[in-house]
Every structure is written in C-alpha cells, then in structure tokens.
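For this note's numbering, add 23 to where a residue sits in the sequence shown, where the first one is 1.
This report refers to the structure that appears directly beneath it.
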Amino acid sequence: MKPICIFSIACLLIFGLNSCQKYLDINQNPNAAQEAPIAGLLANVTYTSAYNTYYISHDATSYYVQYLASPNPGSDVDTYQPIDPSTAWSQLYNTLTDLYDMRKLAVSRGLHAYMGVADILTAYNLSLGTDIWGDMPYSQAFQGVVNLTPHFDDQQGLYDTCLALIDRGIQYLQQPDATGELDAASDFIHHGNAQAWIKTAYALKARMLNLVSKTSVYNPSAVLGALAQAYDTSADDAQITEFAVRNPWAQVALNNAGLLLDGWLSSYFIDALDGKTYGVFDPRLPLITDTTVYGDYRGTPNGAGRQSSGTGHQECYLIEGKFYSADNGPLQMITFAECKFIEAEAAFRSGDVNRAYQAYLTGIRVNMEKMQVPDTGMQRYLSDPRVAVGTSNLTLSLIMKEKYVACFLNPVTWDDMRRMDYAYQNFQLPVNAALSTFIRRVDYPSVETTRNGENVPAVQLSDHLWWDK
C-alpha cells in the first residue's frame with residue numbers, strides 16, 4: 024500500500040470522527056491537540072468531496088436519470104417514493120464543516136492556496152446539495168453548540184454564494200505565494216497544483232452558469248468565457264484515483280458479485296448504447312459492463328425489478344475491473360469531456376453552430392480516449408452518420424444525449440434532465456411511478472428533520488427548484 028493511502032486512512036478516521044462529534048463536544052481535554060494539521064484537512068476534504076459525488080449519485084440521481092435500476096420491483100428510489108438520503112446529507116455536511124475549519128486555519132496562517140481550495144470545494148459541495156435539495160443551512164451552519172438549529176438559506180441565494188466563493192477562490196490561488204504552497208501528497212485531486220485548481224474553479228463556474236439555461240439570467244457568452252480558462256485536456260480533470268480500499272463503484276460491483284445486489288444498469292441506459300434507441304452501437308458499453316449469458320446487453324426496467332433470478336448474469340450490471348468500477352478507476356467530479364459538452368450547448372444556444380458541432384465531436388472523442396476505447400471502434404462511432412450528422416443537422420437533443428453517456432454516474436446529468444424537461448428520446452416514467460410526472464427534487468433526510476424540523480421546508484418531490492421553472 025502506498026504511503027499516501029495509509030495517510031489518507033488515518034486522516035479520514037480522525038477528521039471524519041471529528042466532523043461528526045465537534046458540535047457535541049462541550050468538554051475538551053486540555054492535553055489534546057485542538058488544532059488539526061492543515062495538510063490533514065486538505066487530504067480529507069479532497070478525498071471526501073469526490074466521495075460525495077458518489078453518495079449523491081448512488082443514493083438518488085443515477086436512478087432518476089436511469090443509469091441504474093433497482094433489481095427489486097417497486098423500489099422507492101426507482102418509483103419516486105420518498106427516500107431517506109441521510110448518508111449523503113451527513114457526508115456532505117461533514118465535508119463542509121472540515122472545509123470551514125480548513126479555511127479558518129488557512130486565514131489565521133495567511134495561506135492563500137488553502138483558502139482558495141477551501142472556497143472552491145465549498146462551492147462544489149454546496150452546489151451538489153442545493154441542486155437536489157434546494158434550500159439548505161449555510162449562513163448559520165458550522166457554529167457548533169452556538170446554533171444547533173440553523174435556518175435554511177434560500178436556494179437562489181446559495182447559487183449566488185457558490186459563484187462568489189468560486190471567484191474568491193480563484194483570486195486567492197492567483198496570489199504569487201499560492202504556487203507550491205499546497206502539500207502535494209495530501210491533495211488527492213490535483214496533487215498540490217494551484218493552476219490546476221484554478222482550471223477546476225472555472226470548469227465549475229461554467230457548469231453553474233450553464234445550469235440556469237431556463238432562466239432570464241442565462242448568458243451563454245459568460246459560460247464560454249469561463250470555459251476559456253478551464254480545462255485543456257482530460258489530464259486536467261477533477262477526480263481521485265487513490266482509495267483507502269477501492270473505488271466505491273468497484274465496491275458496488277464486488278458486492279453484486281457476492282449477491283448483495285446493487286449497481287444494476289437500467290434498460291434505458293443499455294438501450295441508448297447498444298443500438299436499440301439510436302441505431303448505433305456505442306463502443307463504450309463493453310468498457311462498462313459485459314454481455315449477458317444470452318450474448319447480448321439487457322438492462323433492468325426502472326420500477327419493474329430484475330427479470331431473472333439475479334444470479335446468472337441474465338441482465339447487465341457494473342462489473343469488477345471495468346472503467347468506472349475498477350479498484351483504482353477514476354471517481355470523477357468534473358471532466359474535460361463535460362466541459363466540451365457545456366461548450367457545445369452554450370455555443371448552440373448562442374447560434375454558433377459550427378463551434379457547437381466541433382465541441383460536440385470533441386466531447387465524444389476525449390471521453391472515449393480517456394476510457395481507452397480501441398481506435399477502430401472510436402472511429403467507427405465518430406464517422407457513423409447518426410453521430411457525425413454535420414453542422415446543419417446538429418440538435419440540442421443530440422448534444423445532451425452524448426453528454427448523458429460521457430457523464431455516466433455523475434449527478435450533473437439529473438441537472439441536465441430537469442433543464443431539458445426529461446425530453447430525452449424514449450425516456451419514460453418508471454413502472455408504477457408514485458408521481459404522475461418526472462421527479463424534480465429529493466426529500467430532506469430524517470437526520471435533519473428530527474433535529475431541525477422547525478426549519479426544514481415543506482416540499483413535494485414534484486416541486487421545481489428555482490432554476491427549473
């Protein structure tokens with residue numbers, strides 16, 4: 024095991040417990056250290072920020088966009104029933120608390136790079152949360168026993184807060200002393216590279232500016248302006264590839280192989296890639312799963328559950344060792360491929376179809392290159408007339424379809440589907456859906472309703488968030 028992994032395990036144990044307990048620890052040991060080492064905090068927040076992407080995807084969004092389907096019929100998450108996302112909520116706030124502590128410590132020491140990373144990752148985690156829950160505690164949070172029942176900040180205000188945090192983080196990272204300041208061994212995302220963090224900040228800004236495409240404040244020029252300072256190659260991607268044990272999606276695949284059923288692929292996703300929906304086979308599919316015992320690819324209908332015993336590979340699910348489910352496979356937060364599809368969308372909406380078409384093709388190519396799709400398969404796909412449609416035949420639907428594939432398992436796809444009003448080819452309500460319309464938000468978790476119920480907003484799962492009108 025690498026030394027960095029040993030260090031990460033210690034950090035996660037120490038700081039994870041610290042996050043859970045700090046609001047309740049009134050009596051303190053005068054002989055114990057009261058200030059965490061800032062490098063340890065950096066290790067924790069970079070590691071857990073990537074994991075929060077997984078928690079939100081695994082607990083909710085991958086089912087709502089039909090990447091995954093429950094192997095059991097009538098599953099709550101499949102059929103738009105209320106769920107209890109307490110794990111995702113708690114993990115998100117544990118990370119936000121550690122980011123608060125890291126920034127406070129960095130300010131006291133005048134460490135601009137740490138301040139910048141804290142601001143950017145706070146914006147990242149906060150945006151993950153507010154994009155599925157809407158209103159969330161923030162301005163009164165992180166005050167310990169001073170306020171155990173913080174009020175919920177307005178979701179549109181949180182969006183503005185995230186943008187302000189990103190801009191401030193960029194300013195800190197651009198300071199001359201920021202270069203070389205971060206402890207490379209403790210930074211699981213960019214290994215101490217301040218310039219890489221600046222690119223990620225602009226990529227996140229572009230994502231957020233693109234989020235409001237249904238509102239009057241949408242400005243495609245601003246989106247493209249942020250992208251100009253974001254990623255240049257897939258080597259810039261915000262992701263982690265080192266784990267205390269293994270990539271959590273690899274754990275899902277391992278559990279499934281051990282008959283703890285999880286990670287089953289939706290029939291919608293399979294049909295989108297195997298040629299049924301769009302008429303062209305996507306060579307990325309064999310790098311995600313294997314063929315069934317019938318020699319083909321078969322998904323599980325959302326809401327209907329598995330169509331077999333579940334033990335003989337009659338349907339497709341995440342397989343150990345594939346791109347997304349390898350032990351050291353990348354746990355991706357924001358990627359160059361996503362940025363190219365954001366560019367394609369913003370350029371298309373602004374009327375620059377030539378730029379949109381080139382960005383669309385580049386997004387497909389760089390995602391395939393990262394997944395190491397064989398050249399023959401990649402060229403065959405990129406030259407297929409149903410993909411290489413030409414500038415005059417490019418549509419927003421086609422851009423979003425390819426982004427859907429390239430952003431597999433990323434929560435950002437649920438943002439896209441709501442922005443597009445779920446208008447993806449052949450996308451339908453799950454079997455026996457509890458709602459008559461597509462789901463628009465996630466319920467608040469019991470961990471919050473039981474301790475701060477007086478402040479938790481009353482919501483319905485069909486309620487639209489402010490940017491989804």
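We put the beta carbon where it would ideally sit given N, CA and C, even for glycine.
It should be emphasised that the depicted structure is a prediction, and the values quoted were computed from it without experimental measurement.
If you draw a straight line from the alpha carbon of W287 to that of W272, how long is it in whole angstroms?
Taking the sequence shown and counting its residues from 1, the one referred to as residue 287 is at position 264. Taking the sequence shown and counting its residues from 1, the one referred to as residue 272 is at position 249. In a straight line, the C-alpha of W287 is about 12 Å away from that of W272.
Who are the Cβ neighbours of D466 in its own chain at under 8 Å, not counting the five residues just before and after it?
The count along the sequence shown starts at 1 and reaches residue 466 at position 443. So the qualifying residues of the chain are P105, I106, D107, P108, V482, L484.
Confirm, please, whether the CB-CB distance from E392 to S257 is below 8 Å.
Walking along the sequence shown from the start, residue 257 turns up at place 234. Walking along the sequence shown from the start, residue 392 turns up at place 369. Against a cut-off of 8 Å, the Cβ pair of E392 and S257 comes out as a contact.
Do A429 and S209 have their C-beta atoms within less than 8 Å of each other?
In the sequence shown, residue 429 corresponds to position 406, counting from 1. In the sequence shown, residue 209 corresponds to position 186, counting from 1. In this structure, S209 does not lie closer than 8 Å to A429 by Cβ.
For N52, count neighbouring C-beta atoms within 10 Å of its own C-beta (all shown protein chains included) and say buried if the count is 16 or more, exposed if not.
Sequence index remark: in the sequence shown, residue 52 carries index 29 (1-based). Low confidence applies here, because N52 scores a pLDDT of 42, under 50, leaving its location unreliable and the question unanswered by this model.
Please confirm if the region 135-146 is in contact with the region 180-196, defined as three or more CB-CB distances below 8 Å between the two stretches.
A contact exists between the region 135-146 and the region 180-196.
DSSP beta-bridge partners for W287?
By 1-based counting over the sequence shown, the position of residue 287 is 264. Partner(s): Y340.
Considering just the uninterrupted stretch of the beta strand (DSSP E) at A382, what are its terminal residues?
Here residue 382 is taken as the residue at index 359 of the sequence shown, counted from 1. Taken as a continuous stretch (DSSP letters only), A382 belongs to no beta strand (DSSP E), being part of the alpha helix (DSSP H) at 376-394.
Within this structure, are the beta carbons of K222 and A253 separated by less than 8 Å?
In the sequence shown, residue 222 corresponds to position 199, counting from 1. In the sequence shown, residue 253 corresponds to position 230, counting from 1. Yes, Cβ-Cβ distance for K222 and A253 is below 8 Å.
Within 10 Å of its beta-carbon, does E265 have 16 or more other beta-carbons around it, so buried, or fewer, so exposed?
Taking the sequence shown and counting its residues from 1, the one referred to as residue 265 is at position 242. Looking at its Cβ environment, which holds fewer than 16 other Cβ atoms inside 10 Å, E265 is exposed.
Beta-carbon proximity list for Q330, same chain, < 6 Å, skipping 5 on both sides:
Taking the sequence shown and counting its residues from 1, the one referred to as residue 330 is at position 307. Closer than 6 Å at Cβ, skipping near neighbours: no residue.
Just the Cα atoms here: how many angstroms apart are F211 and G192?
Numbered from 1 along the sequence shown, position 188 holds the residue referred to as residue 211. Numbered from 1 along the sequence shown, position 169 holds the residue referred to as residue 192. Whole-angstrom Cα-Cα distance: 18 Å.
C-beta contact flag for P468 and P397 at 8 Å
On the sequence shown, position 445 is the one that residue 468 refers to. On the sequence shown, position 374 is the one that residue 397 refers to. Not closer than 8 Å, so no.
Verify whether the separation of the beta carbon atoms of V410 and V303 is less than 8 Å.
Here the question's residue 410 lines up with position 387 in the sequence shown. Here the question's residue 303 lines up with position 280 in the sequence shown. Yes, the pair counts as a contact, with Cβ atoms nearer than the cut-off.
Rounded separation between P60 and S85 - CA only:
The sequence position of residue 60 within the sequence shown is 37, counting from 1. The sequence position of residue 85 within the sequence shown is 62, counting from 1. For P60 and S85, the distance between alpha carbons rounds to 36 Å.
Given that a residue counts as buried once 16 or more other Cβ atoms are within 10 Å of its Cβ, and exposed if not, what is T418?
Position 395 of the sequence shown, counting from 1, holds the residue named residue 418. T418 should be labelled exposed.
Quick one: using the 10 Å Cβ neighbour count with 16 as the cut-off for buried, is S415 buried or exposed?
For the purposes of this step, residue 415 is taken as the residue at position 392 of the sequence shown. Classified as exposed, S415 has fewer than 16 neighbouring CB atoms from the shown chains inside 10 Å of its CB.
Presumed contact (8 Å Cβ cut-off) between L186 and Q262, rounded CB distance:
As a working mapping, residue 186 is identified with position 163 in the sequence shown. As a working mapping, residue 262 is identified with position 239 in the sequence shown. So it is not a contact: roughly 23 Å between Cβ atoms.
Pick helix, strand or coil for M443, following the three-state DSSP scheme.
Translated into the one-based positions of the sequence shown, residue 443 becomes position 420. Coil.
Backbone secondary structure at L199 - three-state DSSP
Taking the first residue of the sequence shown as position 1, residue 199 is located at position 176. The amino acid occupying residue 199 in the given sequence is Pro; Leu does not appear at that position. The answer is helix: DSSP assigns P199 an H, G or I state.
Own chain, CB closer than 7 Å to V246, minus 5 neighbours either side, in chain order:
Position 223 of the sequence shown, counted from the first residue, corresponds to residue 246. Contacts found: A229, L232, N233, I365, A369.
In terms of alpha-carbon separation, which member of W489, R474, W490 lies closest to T172?
To locate residue 172, count along the sequence shown from 1; it is residue 149. Out of W489, R474, W490, R474 has the C-alpha closest to the C-alpha of T172.
How about the region 125-133 and the region 449-462: do they share at least three Cβ pairs that are nearer than 8 Å?
These segments do not touch.
Just to check my reading of the structure: Y385 and D260 have Cβ atoms closer than 8 Å, yes? What is that Cβ distance to the nearest angstrom?
On the sequence shown, residue 385 is found 362 positions in, with the first residue counted as 1. On the sequence shown, residue 260 is found 237 positions in, with the first residue counted as 1. Before going on, a small fix: residue 385 reads as Thr here, not Tyr. Going by Cβ atoms, the distance from T385 to D260 rounds to 15 Å, so no, they are not a contact pair.
For D486, which of D158, A226, L119 has the nearest alpha-carbon?
The residue labelled residue 486 in the question sits at position 463 within the sequence shown. Ranking D158, A226, L119 by Cα distance to D486 puts D158 first.
On a CA-only basis, which of A295, G322, A360, P309 is nearest E343? Give me that one, please.
As a first step, residue 343 is located in the sequence shown; it is residue number 320 there, counting from the start. Among A295, G322, A360, P309, the Cα nearest to that of E343 is on P309.
Own chain residues within Cβ distance below 6 Å of A62, not counting five before or after:
Here the question's residue 62 lines up with position 39 in the sequence shown. Excluding positions up to five away in sequence, the list reads D206, S209.
Hey, would you say I189 sits closer than 8 Å to A146, going by beta carbons?
For the purposes of this step, residue 189 is taken as the residue at position 166 of the sequence shown. For the purposes of this step, residue 146 is taken as the residue at position 123 of the sequence shown. Yes, the Cβ-Cβ distance between I189 and A146 is below 8 Å.
Applying the 10 Å Cβ sphere with the 16-neighbour rule, what's the burial state of S548?
Here the chain has residues from 24 to 492 only, and residue 548 is not among them.
Flag this pair as yes or no: are the beta carbons of T118 and P453 separated by less than 8 Å?
Within the sequence shown, residue 118 is the residue found at index 95, counting from 1. Within the sequence shown, residue 453 is the residue found at index 430, counting from 1. Going by C-beta atoms, T118 is not nearer than 8 Å to P453.
When the Cα of P408 is compared with those of A201, Y301, Q218, D124, which residue comes out closest?
Counting from 1 along the sequence shown, the entry for residue 408 is found at position 385. Closest option to P408, Cα to Cα, is Y301.
Are the CB atoms of V470 and E361 nearer to each other than 8 Å?
On the sequence shown, position 447 is the one that residue 470 refers to. On the sequence shown, position 338 is the one that residue 361 refers to. By the CB criterion at 8 Å, V470 and E361 fall outside the cutoff.
Considering L354, what are the terminal residues of the beta strand (DSSP E) in which it resides?
Translated into positions along the sequence shown, residue 354 becomes position 331. Segment 354-357, the beta strand (DSSP E) holding L354.
Assuming N75 and L151 make a contact with CB atoms under 8 Å, what is their CB distance in whole Å?
For this step, residue 75 is matched to residue 52 along the sequence shown. For this step, residue 151 is matched to residue 128 along the sequence shown. N75 to L151, Cβ: 6 Å. Contact.
Distance between Y340 and G322 (C-alpha atoms, nearest Å)
As a first step, residue 322 is located in the sequence shown; it is residue number 299 there, counting from the start. As a first step, residue 340 is located in the sequence shown; it is residue number 317 there, counting from the start. If you take the alpha carbons of G322 and Y340, they lie about 8 Å apart.
The alpha helix (DSSP H) with Q218 in it runs from where to where?
To locate residue 218, count along the sequence shown from 1; it is residue 195. Counting along the chain, the alpha helix (DSSP H) containing Q218 begins and ends at 217-234.
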